[in-house]
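Note that numbering that gives the first Met the number 0 numbers the sequence shown so that position 375 is 374, with each residue one more than the last.
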Amino acid sequence: MTIHANSANEQVNWEHFLARRTQKMKGSVIRELLKLTQQPDVISFGGGMPAPELFPVREIEEACNFLLRESPKSVLQYSTTEGHRPLREYLVDTMTKYSIQCSADNILITTGSQQALDLIGKIFIDTGTYVLTERPTYLGAIQSWRAYEAEFVTVPIDDQGMQVELLEDTLKETPIRFIYVLPNFHNPAGTTLPEERRRLLAEIARQHDLIIVEDDPYGALRYSGEDVIPIAALAPERTLYLGTFSKTLTPGLRIGWIVAPSEIIHRLVQAKQGSDLHTSTFDQMVANDVAQRGILKAHVRMLRKVYGERRDLMLDALTEFWPEGSSWTTPQGGLFLWARVPSPIDTVALFPKAIEKRVAFVPGVNFFPYEDGGYDAMRLNFSNAQPEMIVEGIRRLGLTLKEELAHK
Ligand SMILES: Cc1ncc(COP(=O)(O)O)c(C=O)c1O
Numbered sequence: 000m001t002i003h004a005n006s007a008n009e010q011v012n013w014e015h016f017l018a019r020r021t022q023k024m025k026g027s028v029i030r031e032l033l034k035l036t037q038q039p040d041v042i043s044f045g046g047g048m049p050a051p052e053l054f055p056v057r058e059i060e061e062a063c064n065f066l067l068r069e070s071p072k073s074v075l076q077y078s079t080t081e082g083h084r085p086l087r088e089y090l091v092d093t094m095t096k097y098s099i100q101c102s103a104d105n106i107l108i109t110t111g112s113q114q115a116l117d118l119i120g121k122i123f124i125d126t127g128t129y130v131l132t133e134r135p136t137y138l139g140a141i142q143s144w145r146a147y148e149a150e151f152v153t154v155p156i157d158d159q160g161m162q163v164e165l166l167e168d169t170l171k172e173t174p175i176r177f178i179y180v181l182p183n184f185h186n187p188a189g190t191t192l193p194e195e196r197r198r199l200l201a202e203i204a205r206q207h208d209l210i211i212v213e214d215d216p217y218g219a220l221r222y223s224g225e226d227v228i229p230i231a232a233l234a235p236e237r238t239l240y241l242g243t244f245s246k247t248l249t250p251g252l253r254i255g256w257i258v259a260p261s262e263i264i265h266r267l268v269q270a271k272q273g274s275d276l277h278t279s280t281f282d283q284m285v286a287n288d289v290a291q292r293g294i295l296k297a298h299v300r301m302l303r304k305v306y307g308e309r310r311d312l313m314l315d316a317l318t319e320f321w322p323e324g325s326s327w328t329t330p331q332g333g334l335f336l337w338a339r340v341p342s343p344i345d346t347v348a349l350f351p352k353a354i355e356k357r358v359a360f361v362p363g364v365n366f367f368p369y370e371d372g373g374y375d376a377m378r379l380n381f382s383n384a385q386p387e388m389i390v391e392g393i394r395r396l397g398l399t400l401k402e403e404l405a406h407k
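As structure tokens, then:
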């Protein structure tokens, strides 16, 4: 085939070729914001990233060397869509400790829990399907489900997570297909849903014959208080539980999982085959090796200590440096807290002023599916910055808020 000399001048109207669903797709605003915060002198509370200096690098290196030496043929080969069997069996043990009864047939390994969200969209969402989420909620789920042309109805949270008692009224108005909930150390709010609300949620889902998607990336990272029973243990017949090693081991391995009734796992497997055949064999076997040798458990113990200290440091700094009229959640675990600023400050307008002071956060509006709230709030991450930077960053934000108030 010869390529015309003038082909470089010919224009293709790509918009003309795109599927209708692409009109609903949006890039992640947070990822765009984070680009601004990547200059080395900016203290960023923006991302949801673990502390990189704590990654178990040597242990992962040892696992890689061991696997390449002992099982090169399987570690570098294609594998089953369901996932590496020993890893699924390890996860059965872990889930059983969380009171979630399951077998390996109830577990699908995914490429991070972000893929789990996408596969859920692929098998449950038609054009115009209503999904019920919390307000605010994890924007990655919205981003994924928008691509399947979902619509969203929302139930507000308070400092104990989803206000489950408001569900009934919402359900009367809109026929929804599933409820998406972040019960442990909510992203972005840091809240935890108490057991009574979980039981009520399970009961309402049964009465209305709905399914629940329980997204739990942070549950193992508890710094105070007692573990609360997962919703998947209360309504196993209708709950899809999502877990991940991103926050407890490393996000770069991209290992997540779904626990669900086996007939739904079967559907998800079909959906996954069309996406990526299976999650990286190498990454699954490395994660399995690290987990089976007890390294993951010890690592989580260490993370709980370090992140717990960072959370306390941030809470103390907020008390010391932020003006009257501010408030914030006190998370029992996870990576985030949700801070409210004094009226009439708008956190979107505040963002560039904070960047001028070399400190970053995510404005609350980014966690609202229809951008109809959160202008008085921001998400602050406390896992990623070094302790002295946490105090300095909160001091700078306090100063920015005080200057803003003086101008109002
Ligand atoms: C609530 C929630 N769900 C899912 C994810 C996706 O995590 P991953 O794909 O790294 O497992 C995240 C990541 O921050 C999250 O906060």
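Think of the CB as a built atom: it goes at the ideal place given N, C-alpha and C, for glycine as much as any other residue.
Query raised in the report: Which of helix, strand or coil does DSSP assign to Ala188?
Result: By 1-based counting over the sequence shown, the position of residue 188 is 189. It is coil, neither helix nor strand.
**Report entry** Identified DSSP bridge partners for Asn380
**Finding:** In the sequence shown, the residue the question calls residue 380 occupies position 381. According to DSSP, which records beta bridges pairwise, Asn380 is partnered with Phe335.
**Report entry** Backbone CA spacing between Pro155 and Ser70 [nearest angstrom]
**Finding:** As a working note, residue 155 is residue 156 in the sequence shown. As a working note, residue 70 is residue 71 in the sequence shown. C-alpha separation (whole angstroms): 50 Å.
Query raised in the report: Tell me which same chain residues have a C-beta within less than 6 Å of the C-beta of Phe350, skipping the five on either side of it?
Result: Translated into the one-based positions of the sequence shown, residue 350 becomes position 351. Pro362, listed in sequence order.
Query - Whole-Å CB distance - Trp321 paired with Arg378, under 8 Å assumed - result: Position 322 of the sequence shown holds residue 321. Position 379 of the sequence shown holds residue 378. So it is not a contact: roughly 15 Å between Cβ atoms.
Query raised in the report: From Thr243 to Ser274, what distance separates their C-alpha atoms?
Result: In the sequence shown, counting from the first residue as 1, residue 243 sits at position 244. In the sequence shown, counting from the first residue as 1, residue 274 sits at position 275. Rounded to the nearest angstrom, the two C-alpha atoms are 18 Å apart.
**Report entry** Outcome for Asp40 when other beta-carbon atoms lying within 10 angstroms are tallied against a minimum of 16
**Finding:** One-based indexing of the sequence shown puts residue 40 at position 41. It counts as exposed.
Query raised in the report: With 16 as the cutoff for other CB atoms within 10 Å, does Tyr77 come out buried or exposed?
Result: Here residue 77 is taken as the residue at index 78 of the sequence shown, counted from 1. Exposed, by the Cβ-count rule.
Query raised in the report: Per DSSP, Tyr97 forms a beta bridge with which residues?
Result: Along the sequence shown, one-based indexing puts residue 97 at 98. Tyr97 pairs with nothing; no bridge assigned.
Query raised in the report: Can you check whether the CB of Asn287 is closer than 8 Å to the CB of Leu118?
Result: The count along the sequence shown starts at 1 and reaches residue 118 at position 119. The count along the sequence shown starts at 1 and reaches residue 287 at position 288. No; because the gap between Cβ atoms is not below 8 Å, this pair is not in contact.
Query raised in the report: Any heavy atom of ligand 1 closer than 7 Å to the Cβ of Ser112?
Result: Counting from one through the sequence shown, the residue named residue 112 turns up at place 113. Yes; taking the cut-off as 7 Å, the Cβ of Ser112 has a heavy atom of ligand 1 nearer than that.
Requested in this report: List the endpoints of the continuous alpha helix (DSSP H) containing Thr346.
Outcome: Taking the first residue of the sequence shown as position 1, residue 346 is located at position 347. That run of the alpha helix (DSSP H) goes 346-355.
Query - Bridge partners - Ala359, DSSP secondary structure assignment - result: Taking the first residue of the sequence shown as position 1, residue 359 is located at position 360. Looking at the DSSP assignment, Ala359 forms a beta bridge with Ser43.
Report task. May I ask which residues mark the beginning and end of the alpha helix (DSSP H) holding Leu252? Result -> As a working mapping, residue 252 is identified with position 253 in the sequence shown. Run containing Leu252: none; DSSP gives neither H nor E here.
**Report entry** Endpoints, alpha helix (DSSP H) assigned at Phe132
**Finding:** In the sequence shown, residue 132 corresponds to position 133, counting from 1. For the sequence presented, residue 132 should be read as Thr rather than Phe. Run containing Thr132: none in the alpha helix (DSSP H); it sits in the beta strand (DSSP E), 129-134.
Requested in this report: Report yes or no: do the segment 138-154 and the segment 311-328 share at least 3 C-beta pairs separated by less than 8 Å?
Outcome: no
Query raised in the report: DSSP puts Glu150 in a beta bridge; with which residues?
Result: Reading the sequence shown from its first residue, position 151 is the one you call residue 150. For Glu150, which the question treats as bridged, DSSP gives the partners Tyr129.
**Report entry** First through last residue of the alpha helix (DSSP H) which encompasses Phe65
**Finding:** In the sequence shown, counting from the first residue as 1, residue 65 sits at position 66. That run of the alpha helix (DSSP H) goes 56-69.
Query raised in the report: Is it true that the CB of Lys121 sits closer than 8 Å to the CB of Tyr147?
Result: Taking the first residue of the sequence shown as 1, we reach residue 147 at position 148. Taking the first residue of the sequence shown as 1, we reach residue 121 at position 122. In this structure, Lys121 lies closer than 8 Å to Tyr147 by Cβ.
Query - DSSP three-state assignment for Arg237, whether helix, strand or coil - result: As a first step, residue 237 is located in the sequence shown; it is residue number 238 there, counting from the start. Coil.
Query raised in the report: According to DSSP, is Thr243 helix, strand or coil?
Result: For the purposes of this step, residue 243 is taken as residue 244 along the sequence shown, with counting starting at 1. In the structure shown, Thr243 sits in a strand (DSSP, three-state: E or B).
Query raised in the report: Hey, how far is the Cα of Thr191 from the Cα of Ala219?
Result: Locating residue 191 in the sequence shown gives position 192, where the first residue counts as 1. Locating residue 219 in the sequence shown gives position 220, where the first residue counts as 1. Distance between the alpha carbons of Thr191 and Ala219 is about 13 Å.
**Report entry** Exposure label - Lys246; buried when at least 16 CB within 10 Å
**Finding:** For the purposes of this step, residue 246 is taken as the residue at position 247 of the sequence shown. Lys246 is buried by the Cβ-count criterion.
Query raised in the report: Any chance the CB of Asn183 is under 7 Å from a heavy atom of ligand 1?
Result: Taking the first residue of the sequence shown as 1, we reach residue 183 at position 184. No, since every heavy atom of ligand 1 falls outside the 7 Å radius drawn around the Cβ of Asn183.
Requested in this report: Report the three-state DSSP secondary structure of Met24 (helix, strand or coil).
Outcome: Translated into positions along the sequence shown, residue 24 becomes position 25. In the structure shown, Met24 sits in coil (DSSP, three-state: anything other than H, G, I, E or B).
Query raised in the report: For Arg221, which beta-bridge partners are listed by DSSP?
Result: Your numbering for residue 221 matches position 222 in the sequence shown. Answer by DSSP bridge pairing, in chain order: Gly332.
Query raised in the report: Can you tell me the Cα-Cα spacing of Asp104 and Glu402, whole angstroms?
Result: For the purposes of this step, residue 104 is taken as the residue at position 105 of the sequence shown. For the purposes of this step, residue 402 is taken as the residue at position 403 of the sequence shown. Those two C-alpha atoms are separated by around 57 Å.
Query raised in the report: Where does Tyr306 sit, in a helix, a strand or coil, going by DSSP?
Result: Here residue 306 refers to the residue found at position 307 when the sequence shown is read from its first residue. The answer is helix: DSSP assigns Tyr306 an H, G or I state.
Query - Expected contact under 8 Å - CB spacing of Ser382 and Ala50 to nearest Å - result: Within the sequence shown, residue 382 is the residue found at index 383, counting from 1. Within the sequence shown, residue 50 is the residue found at index 51, counting from 1. That belief holds up - the Cβ atoms of Ser382 and Ala50 are roughly 6 Å apart, short of 8 Å.
Query raised in the report: What is the DSSP secondary structure of Met161, counted as helix, strand or coil?
Result: The residue labelled residue 161 in the question sits at position 162 within the sequence shown. In this structure, Met161 counts as strand in the three-state DSSP scheme.
**Report entry** Sub-8 Å separation of Tyr240 and Ala234 beta-carbons
**Finding:** Taking the sequence shown and counting its residues from 1, one reaches residue 240 at position 241. Taking the sequence shown and counting its residues from 1, one reaches residue 234 at position 235. No, they are not a contact pair.
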